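Novice: Numbering-wise (this note's numbering), the sequence shown opens with residue 2 and increments by one.
Yeah, the Cβ is synthetic: ideal placement off N, Cα and C, and Gly gets one too.
Keep in mind it's a predicted model, so treat the numbers as computed, not measured.
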Amino acid sequence: MVDTKTPGDKTLSVPSKTLSLKPRVETGTVRQSFSHGRTKQVVVEKRGKRRVGGDGPGEAHAPEPVVAKPAAAPPPAAKPPLGRPAAPSSGQPQRNTRSGVVLPTLTEDERSARANALADARQRDIEERRQAEEEAKRRAVREAAEKAEREAAEARRKAEEERHRHEEEAKRKAEVEAKRRFGEGEAKPGAAP
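1. Expressed to the nearest angstrom, what Euclidean distance is found between the alpha-carbon atoms of Glu185 and Val177?
2. How big is the Cα-Cα spacing for Glu60 and Gly54?
3. If you run the structure through DSSP and keep just helix, strand and coil, what is Val177?
4. Can you give me the C-alpha to C-alpha distance between Arg157 and Glu147, rounded to a whole angstrom?
5. To the nearest angstrom, how far is it from the Cα of Gly49 to the Cα of Arg32?
6. Which same chain residues, not among the five before or five after Ser34, have their C-beta less than 6 Å away from its C-beta?
7. In the DSSP output, which residue or residues are listed as bridge partners for Thr28?
8. Give every residue of the same chain whose Cβ lies closer than 8 Å to the Cβ of Glu152, excluding the five residues on either side of it in the sequence, and list them in chain order.
9. Nearest CA to the CA of Val44: which residue from Thr30, Arg51 and Glu170?
10. Checking the sheet assignment: what are the DSSP bridge partners for Thr108?
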């Protein structure tokens, strides 16, 4: 048997394909720096924002159509709960402020534990507030005492300076008086001969 194929058609290696980025993604370049001082410019993909619960390109399945069930009788208008005032209707559709996560209802033990925790937190807040007020009062008293002490020290310092100035002035006057008397006493005996 003879091969009909030419030996040039057989390849022993796969042609190397260059590494490339997907064209549908935005790209950019950044300068990457290494700890030893070397830098290198690299190409990066810009990722799109993640959409939670939105109908975006990332949705893999199509939403199922909602079929309205015929109602036998419309339910009577529900009265708003007594604890909350009714929201005023402003003509705009009301936005749901909930996050959409449905929490399971709490058991009686969980409710009582939560109520106890809230009561403890309230008590702790009241105690902390009381302690903060007491500390503020103590601080105010301490600052008032320190201020009075500083003022008394300043008054003592001023009185000491005033006394020292009077002593210096009295000493200077005494020296002037002594010089005058001493000078007169010498001048008289010297004038007689």
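Specialist: On the basis of the coordinates in this document:
1. 12 Å
2. Confidence is the limiting factor: at Glu60 the pLDDT is only 49, short of 50, which leaves the residue's position unreliable, though a coordinate-based value still follows. Each residue's alpha carbon lies about 9 Å from the other.
3. helix
4. 15 Å
5. 21 Å
6. Thr40
7. Glu46
8. none
9. Checking every option, the nearest Cα to that of Val44 belongs to Thr30.
10. For Thr108, which the question treats as bridged, DSSP gives no partner whatsoever.
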